[in-house]
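Peer 1:
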Amino acid sequence: MLLLSSCYIHEGQEDASKPIPIGPSVKGDHLAMGNPSSATNSIASADNYLMVKDQYALSYNNAKRTANWVSWHLSTAWIGPIDRQDDFRADLSLPSSWIMVNERSYSGSGFDRGHICPSADRTLSISDNSATFLMTNMMPQAPENNQKTWADFENYCRYVASKGNELYIIAGPNGVGGSGRYGYKEKVGNEEVVVPKYTWKVAIILMNGENDVVRADAKTRTIAIWMPNDQTASSKSWYNYRVSVDDVESKTGFDFFSNLPDDVEKVIEAKVDNLPI
Numbered sequence: 002m003l004l005l006s007s008c009y010i011h012e013g014q015e016d017a018s019k020p021i022p023i024g025p026s027v028k029g030d031h032l033a034m035g036n037p038s039s040a041t042n043s044i045a046s047a048d049n050y051l052m053v054k055d056q057y058a059l060s061y062n063n064a065k066r067t068a069n070w071v072s073w074h075l076s077t078a079w080i081g082p083i084d085r086q087d088d089f090r091a092d093l094s095l096p097s098s099w100i101m102v103n104e105r106s107y108s109g110s111g112f113d114r115g116h117i118c119p120s121a122d123r124t125l126s127i128s129d130n131s132a133t134f135l136m137t138n139m140m141p142q143a144p145e146n147n148q149k150t151w152a153d154f155e156n157y158c159r160y161v162a163s164k165g166n167e168l169y170i171i172a173g174p175n176g177v178g179g180s181g182r183y184g185y186k187e188k189v190g191n192e193e194v195v196v197p198k199y200t201w202k203v204a205i206i207l208m209n210g211e212n213d214v215v216r217a218d219a220k221t222r223t224i225a226i227w228m229p230n231d232q233t234a235s236s237k238s239w240y241n242y243r244v245s246v247d248d249v250e251s252k253t254g255f256d257f258f259s260n261l262p263d264d265v266e267k268v269i270e271a272k273v274d275n276l277p278i
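In terms of our numbering, the sequence shown has 193 at position 192, counting the first letter as 1, and numbering is strictly consecutive.
#1: Who pairs with Tyr-57 in a beta bridge, going by DSSP?
#2: With DSSP as the reference, please indicate the residues paired to Asp-113 in a beta bridge.
#3: Could you please give the first and the last residue of the uninterrupted beta strand (DSSP E) stretch that includes Ile-83?
#4: Could you tell me the alpha carbon to alpha carbon distance between Lys-202 and Ala-225, rounded to whole angstroms?
#5: So the alpha helix (DSSP H) Glu-270 belongs to, where does it begin and stop?
#6: Please state whether DSSP places Leu-3 in a helix, a strand or coil.
#7: Of the residues Ala-58, Arg-123 and Gly-35, which one's Cα is nearest the Cα of Phe-255?
#8: On the DSSP bridge assignment, give the partners of Arg-222 in chain order.
#9: Check whether the Cβ atoms of Met-140 and Asp-92 sit closer than 9 Å, and answer yes or no.
#10: Between the alpha carbons of Pro-96 and Ile-44, how many angstroms are there, rounded?
#11: Is Pro-20 helix, strand or coil when you go by DSSP?
#12: For Gly-184, is the classification buried or exposed, using 16 other Cβ atoms within 10 angstroms of its Cβ as the cut-off for buried?
#13: Suppose the cutoff is 8 Å on Cβ atoms and the five residues either side in sequence are ignored; what does the same chain contact list for Gly-190 look like?
#14: What are the boundary residues of the alpha helix (DSSP H) that includes Asn-164?
#15: Could you please give the first and the last residue of the uninterrupted beta strand (DSSP E) stretch that includes Val-67?
#16: Based on the DSSP secondary-structure assignment, which residues constitute the bridge partners of Gly-181?
#17: On the DSSP bridge list, what partners appear for Leu-135?
#18: Measuring straight from C-alpha to C-alpha, what distance separates Lys-28 and His-74?
#19: Mind checking who Gly-173 pairs with in its DSSP beta bridge?
#20: Sort Ala-121, Ile-171 and Val-71 by Cα distance to Tyr-50 and report the nearest one.
#21: With 16 other CB atoms within 10 Å as the buried threshold, where does Ser-236 fall?
#22: By how many angstroms is the C-alpha of Ile-278 removed from the C-alpha of Ser-238?
The following block contains the structure:
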């Protein structure tokens, strides 16, 4: 079995004297790096309810009507020719006694049905793409956040994957109260979906390979962003919102990449990514 160095080669960076083998692109376990909130699939855990799908995993919060976080693996193995299905709908795999957020819950609110795991990260099959339109994978997102700065970072992650890398990504909402097209709101819809104050995302990047937890080391690249969920978000590029993984952990209370060795986790989570974009 080929074990690869867990480095990331930035565009234009080459070392002809040391060719780096790139393994095949494969689909990875969405929770390989850990379960950030120790979520379980017990109905008694209604505000930290674990849902594992083929396309991503998430912790659902029944009180907020959104995910606490969504975790997914990204590589070119997930990318194909399928168009957006746009079939927004309630997630009927939630316990039937819970209030279901549906495709109309955000209507007229001034907030987008913002994907957490992006549609464009799942284009290999119709079922893969369709799964991203479940409302458990949505959060009320200010249009200037969702359609511009947030989308730009999504595009960057796919670009990184296209260069022979795989990523483990975790993202979600935080806080209460954001400003959308029609101003400030704390909840939207008859289902009273909580509008987050911030949106965040963390990613760990490895070259394609196997045994990803073992391959990560102190030089492994991580990227974390923390953005306001309002119409000013697009005033800066996504890379100007970079923070450390530790920063996101301190604000959310989650423990990211907990399956990594403690010494590796400590080093890579303290860094603020500063590679030129």
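Ideal Cβ positions, reconstructed from N, Cα and C, are used throughout, including at glycine.
Peer 2: Per the coordinate set shown:
#1: Answer is none; Tyr-57 lacks a bridge partner.
#2: Beta-bridge pairing by DSSP links Asp-113 to Gln-142.
#3: Counting along the chain, no beta strand (DSSP E) covers Ile-83, and no H or E run does either.
#4: Near 6 Å, if we compare the C-alpha coordinates of Ala-225 and Lys-202.
#5: First-last of the alpha helix (DSSP H) with Glu-270: 263-271.
#6: Confidence in Leu-3 is poor, its pLDDT being 29 and thus under 50, which makes the residue's placement unreliable; the coordinate value appears in the next sentence. Correct three-state label for Leu-3: coil.
#7: With distances taken between Cα atoms, Phe-255 lies closest to Gly-35.
#8: For Arg-222, which the question treats as bridged, DSSP gives the partners Ile-206.
#9: No, they are not a contact pair.
#10: Looking at the two C-alpha atoms, the distance is approximately 7 Å.
#11: Residue placement at Pro-20 is flagged as unreliable, the pLDDT there being 39, under the threshold of 50; a coordinate-derived value is accordingly withheld.
#12: So Gly-184 ends up on the exposed side.
#13: Here the set comprises Val-102, Arg-105, Ser-106, Tyr-107, Ser-108 and Ser-110.
#14: According to the sequence as given, residue 164 is Lys; it is not Asn. Lys-164 -> no alpha helix (DSSP H), and no H or E assigned at all.
#15: The amino acid at residue 67 is misidentified as Val; the sequence shows Thr. Residues 67-75.
#16: Paired residue(s): Gly-184.
#17: Arg-90, per the DSSP bridge assignment.
#18: Inter-residue distance for Lys-28 and His-74 is about 7 Å (C-alpha atoms, whole angstroms).
#19: The partner list for Gly-173 (beta bridge, DSSP) reads Trp-201.
#20: For Tyr-50, the nearest C-alpha among the options comes from Val-71.
#21: Label assigned to Ser-236: exposed.
#22: Looking at the two C-alpha atoms, the distance is approximately 10 Å.
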